[in-house]
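Peer 1:
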Amino acid sequence: MSQVNFEINGTMGYYCVAFLDLLGQKNAMKAIEAPFRQFLEAKRVENDKGAELVADRLYAALTASVGVIETFHKSYELTKINTQAALDAFLERVPAHLRGITRRELSTDIKHERFSDGIVIYASLEPSEKNSPTQALQMMLGLCGHLHVMQLKKGKPIRGGIDVAPAIDVEGSGLHGPALVNAYLLETNAGYPRIAVGEGLLRFMEAMPEYDPGGHLARKIVKYQHRAASAMVGTDRDGRPILDVFGKGFRSHGPPGVTRQTLGECLQFAREQRSRFEGEKGAEAARVAQKY
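Below, the structure written as structure tokens:
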């Protein structure tokens, strides 16, 4: 019997993990194949004019697929940068003698991994000088919700799941474990463009008021983080817990940029999609129309 010996160099604990998937990319990717084959054939027979015409269609297909995916990932990175910049600006306004404690309670170590047209965002919930678990949860909800809104506004919706459970962050390999599986299953079963919230996250959120980082100011910050996180989570019409990006709580406590006007543009896109699919025939069109 063969045996494989290995060592795991990683950090295991409870993590908040989100799995976000950019919708519509399966068909967008399929649209690349035909113009690519036509382009190769035109080049083979030395039809330069034909190759040039097909190249335009190929570029359009790549822009609608790979280009959309790249823009999605850049949007996440920009959202994270802007959110951190807003926190840094807030810290500058905090009195100097309170700034050290406040900075500690607002520090996080949020990471992400790319999965083609999806992204995994995760944060350890282990407290340290550089990571507040309560701030990590609030930031995760804010980042995911903001990305959800911005993608709806662009007409390129995402679907997602976010949960808290054990996982291990393996050096050089990334995140593994139940937290990632839970987030993926929540996304898969979400049904339509929304971010489903898992039971583990709800339990963690309920326990947040019991967390005592030490000191009166730190406890006040945790109390606010609990209030903010709770305000961003709601219940959808089918009874499922979701990240409620259209609620007042998210506008009040989420990252900057989510305004009534922005949400109005998102709703307009949803109405247009519903009208579009209601006008088409077939069971699949009816199913998609119902989602919107």
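Numbered as in the numbering used here, the sequence shown ends at 469 without a single skipped number.
The beta carbon of each residue, even a glycine, is placed where N, CA and C say it ideally should be.
Between which two residues does the beta strand (DSSP E) holding Ile398 run?
Peer 2: That residue, Ile398, is in no beta strand (DSSP E); its alpha helix (DSSP H) goes 393 to 409.
Peer 1: To the nearest angstrom, report how far apart Leu394 and Glu303 are at their CA atoms.
Peer 2: Near 20 Å, if we compare the C-alpha coordinates of Glu303 and Leu394.
Peer 1: Give the secondary structure of Ala273 by DSSP, where H, G and I count as helix, E and B as strand, and everything else as coil.
Peer 2: Note: Ala273 maps to helix in three-state DSSP.
Peer 1: Tell me the residue span of the beta strand (DSSP E) that contains Asp340.
Peer 2: First-last of the beta strand (DSSP E) with Asp340: 335 to 347.
Peer 1: Span of the beta strand (DSSP E) holding Val194?
Peer 2: Per DSSP, Val194 belongs to the beta strand (DSSP E) from 187 to 199.
Peer 1: Going by beta-carbon coordinates alone, are Ser407 and Met327 separated by less than 8 Å?
Peer 2: For Ser407 and Met327, no; Cβs fall outside 8 Å.
Peer 1: Leaving out five residues on either side along the sequence, give the residues of the same chain with a beta carbon under 8 Å from the beta carbon of Gly431.
Peer 2: Answer for Gly431: Leu318, Gly319, Gly322, His323, Met409, Val422, listed in chain order.
Peer 1: Measure the Cβ-Cβ separation of Ala356 and Asp346 and say whether it is below 8 Å.
Peer 2: No, the Cβ-Cβ distance between Ala356 and Asp346 is not below 8 Å.
Peer 1: What does DSSP give as the partner residue(s) for Leu352 in the beta ladder?
Peer 2: According to DSSP, which records beta bridges pairwise, Leu352 is partnered with Asp346.
Peer 1: Would you give the residue range spanned by the beta strand (DSSP E) that Ser301 belongs to?
Peer 2: 295 to 301 is the span of the beta strand (DSSP E), which, as asked, contains Ser301.
Peer 1: Helix, strand or coil, according to DSSP, for Thr311 in the structure here?
Peer 2: DSSP places Thr311 in helix when its eight states are reduced to three.
Peer 1: Give the range of the alpha helix (DSSP H) segment to which Phe292 is assigned.
Peer 2: No alpha helix (DSSP H) contains Phe292, which is instead part of the beta strand (DSSP E) from 287 to 292.
Peer 1: Using a 10 Å radius around the Cβ and a threshold of 16 neighbouring Cβ atoms, would you call Glu364 buried or exposed?
Peer 2: Classification for Glu364: buried.
Peer 1: Do you know whose CA, among Ala373, Ser350, Leu314, lies nearest Ile335's CA?
Peer 2: Considering only alpha carbons, the answer is Ala373.
Peer 1: Could you confirm whether any beta carbon from chain C is found closer than 8 Å to the beta carbon of Ile419?
Peer 2: Looking at the structure shown, chain C is missing, and only one protein chain is on hand.
Peer 1: When burial is assigned at 16 or more other CB atoms within 10 Å of the CB, is Glu461 buried or exposed?
Peer 2: Its pLDDT being 49, under 50, Glu461 is placed unreliably by the model, and the measurement read from it follows with that caveat. Glu461 is exposed by the Cβ-count criterion.
Peer 1: Kindly indicate which three-state DSSP category Val465 falls into: helix, strand or coil?
Peer 2: Its pLDDT being 49, under 50, Val465 is placed unreliably by the model, and nothing is read from it.
Peer 1: Could you check the C-alpha separation between Asn186 and Ala367 for me, to the nearest Å?
Peer 2: Taking the straight line joining both Cα atoms gives about 33 Å.
Peer 1: Taking the continuous alpha helix (DSSP H) assigned at Leu239, which residues delimit it?
Peer 2: Start and end: 225 to 239.
Peer 1: In angstroms with no decimal places, state the Cα-to-Cα distance between Lys226 and Leu217.
Peer 2: About 13 Å.
Peer 1: When burial is assigned at 16 or more other CB atoms within 10 Å of the CB, is His403 buried or exposed?
Peer 2: Its Cβ being crowded by 16 or more others within 10 Å, His403 is buried.
Peer 1: Cα separation between His325 and Gly295?
Peer 2: Approximately 13 Å, taken between the alpha carbons.
Peer 1: Going by beta carbon distance, what residues of the same chain come within less than 7 Å of Leu200, once the five residues before and after it are set aside?
Peer 2: These residues qualify, in order along the chain: Pro334, Ile335, Arg336, Pro370.
Peer 1: Less than 8 Å separating the beta-carbons of Gly377 and Leu362?
Peer 2: Against a cut-off of 8 Å, the Cβ pair of Leu362 and Gly377 comes out as no contact.
Peer 1: Near Ala208, which residues of its chain fall below 6 Å by C-beta distance, leaving aside the five closest residues on each side in sequence?
Peer 2: The answer, listed in chain order, is Ala238.
Peer 1: How long is the line joining the alpha carbons of Pro390 and Thr439, rounded to whole angstroms?
Peer 2: For Pro390 and Thr439, the distance between alpha carbons rounds to 36 Å.
Peer 1: CB-CB under 6 Å to Glu290, same chain, minus the five flanking residues each way: which ones, in chain order?
Peer 2: Excluding positions up to five away in sequence, the list reads Val297, Gly351.
Peer 1: Helix, strand or coil: how does DSSP classify Pro433 here?
Peer 2: Pro433: coil per DSSP, three-state reduction.
Peer 1: Please state if the CB of Leu275 and the CB of Ser309 are separated by a distance shorter than 8 Å.
Peer 2: Not a contact, by the Cβ cut-off of 8 Å.
Peer 1: For Ala342 and Tyr191, which I take to be in contact (beta-carbon distance under 8 Å), what is that distance rounded to the nearest angstrom?
Peer 2: Right, the Cβ-Cβ distance comes to about 7 Å (below 8 Å), so this counts as a contact.
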